[in-house]
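Read the structure below first, then the notes.
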Amino acid sequence: MLYPFILAWTSLTATLPLTGPGIAAPPPTLRRLAAGVYAALGDIGRGTEGRPNAGFVVTDSGVVVIDAMASPRQAEELVQAIQSVTPQPIKWLVLTHHHPDHHFGAIVFRRLGAKVIAHPDRRVLASEAGEDALIADWVRVVGLDAMRGFEFADVPDRPVIGTDTLRLGGRSLIITHPGAAHSAGDLMVWLPRERILFAGDLLVEDGVTMLVDGSSGRLLRALAAIDSLRPLSAVPGHGAIPARPARLVARTREYVTGLRSAMRSAIEQGTPMGRAMASLPPADETRPVSLNSRRRRNAVRVYLEEEKAYMGLDSAR
Ligand SMILES: [Zn+2]
């Protein structure tokens, strides 16, 4: 059931561009994390209203890109950034999930001959009204120019539903589905030798991760899985790369567990959802994915999860 408070996060985007239609954004800044391993940093400090992070791994047999940015234009800028450090061809594109800001540039990589690795479950709340509506919404976010040449390209050539190891040019990338934590089709990418994790939106450094397409219980399990890897470096889906990954994981866990216990006690005290939400900062309805809106939508989601659990209806916890 979709509670009316839960709005598809692209449905309010008319007033706040992600990078600004027609506004040229600087190309992504590259951060070298280890030999041949780069993060491409999007906008920092704007949460999911900014350009997302991506990354790539250079091997002797080609390049593996992790996430495709939010539009063909952004993807072309990423390709230029990759070509500034290596002449190797781009062989694979791994998508951490199917939210438009992480895969709407995928067609650019496909046209360059890359094959796509993704989870086959592409369902997201934002596309409930259909793919045409999603594209129309997204054009309002990134602008028509940035979307020139767009086609959906996130159906995987190599689907991953459990764990898969991609071996290329002497490197190994372990690609894992941590459960439907942030979205049904979550994947994370782990480089065991370098101990570097590309976490997608399981981690958001400059805001909070969104739960409306996933679940709080599965996010907590995904965070435990990240902890057990003990990464030296973890690239979040948005925001700066944390100096200490465990801190960002802990902060995310505190947020989720705090929200769960607040919603649980509201339910135990018979507080209706409307009143439980009244204790939260008001959502800024002029902004699509502002921190307050996101916190509020997460709270609605967790209230419903806790209500189900309280009534003994949730067998999936
Ligand atoms: Zn996302």
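Using our numbering, you'd call the opening residue of the sequence shown number 261 and step up by one each time.
Quick reminder that beta carbons are idealized off the backbone N, C-alpha and C, glycines included.
Ordered by chain, the residues meeting the criterion of a beta-carbon within less than 5 Å of a non-hydrogen atom of ligand 1 are H359 and D461. At the C-beta level, T356 and G460 come within 8 Å of one another. Counted as a single uninterrupted DSSP element, the beta strand (DSSP E) harbouring F316 occupies residues A314 to T319. Y298 has R292 and F316 as its beta-bridge partners, per DSSP. D327 carries a coil assignment under DSSP once its states are collapsed to helix, strand and coil.
Non-local beta-carbon contacts of N558 in its own chain, meaning distances under 6 Å to residues more than five positions away in sequence, involve L471 in chain order. With a cutoff of 8 Å on beta-carbon distance, I342 and F316 are scored as near each other.
Counting along the chain, R431 sits inside the beta strand (DSSP E) bounded by residues R431 to T436. DSSP, reduced to helix, strand and coil, places D487 within a helical segment of the structure shown.
Rounded to the nearest angstrom, the gap between the Cα atoms of R455 and I435 is 13 Å. Between L462 and D446, the C-beta gap is smaller than 8 Å, which places the two residues in contact. Here the region 405-421 lies against the region 376-396, with 3 or more beta-carbon pairs under 8 Å apart. In this structure, R311 sits away from Q340, with a CB-CB distance that is not shorter than 8 Å.
Annotation for G373: no beta strand (DSSP E) segment contains it, and DSSP assigns it neither H nor E. For P496, the uninterrupted beta strand (DSSP E) run begins and ends at S493 to H498, by DSSP.
If you draw a straight line from the Cα of P542 to the Cα of E567, it comes to about 22 Å. Restricted to the region 358-419, the beta strand (DSSP E) segments that are unbroken, complete and at least 3 residues in length are 375-378, listed in chain order.
Residue pairing of M448 in beta bridges, as defined by DSSP: T436.
A484 counts as exposed, since fewer than 16 other C-beta atoms from the protein chains shown sit within 10 angstroms of its C-beta. With fewer than three CB-CB distances shorter than 8 Å, the region 437-451 does not count as touching the region 397-408.
Assignment of beta-bridge partners to T469 by DSSP yields no partner. The beta carbon of S539 lies closer than 7 Å to none in the same chain, with the five residues before and after it left out. Put simply, of R555, R478, S475 and S432 the residue whose alpha carbon is nearest the alpha carbon of G322 is S432. For L338, DSSP assigns no beta-bridge partner whatsoever. Short of 7 Å from the beta carbon of A536, and not among the five residues preceding or following it, lie these beta carbons of its own chain, in chain order: M523, A526 and Y563. The beta carbon of H358 sits closer than 6 Å to the beta carbons of R382, V384, D414 and G445 from its chain, once the five residues preceding and following it are set aside; these are given in chain order. Taking 8 Å as the upper bound for CB-CB distance, L492 and R513 are not in contact here, some 19 Å apart. Taking C-beta atoms as the reference points, A314 and L338 count as a pair closer than 8 Å.
D544 is not a Cβ neighbour of R306, given a cutoff of 8 Å. Rounded to whole angstroms, the Cβ separation of I501 and V509 is 13 Å, and the two are not in contact under 8 Å.
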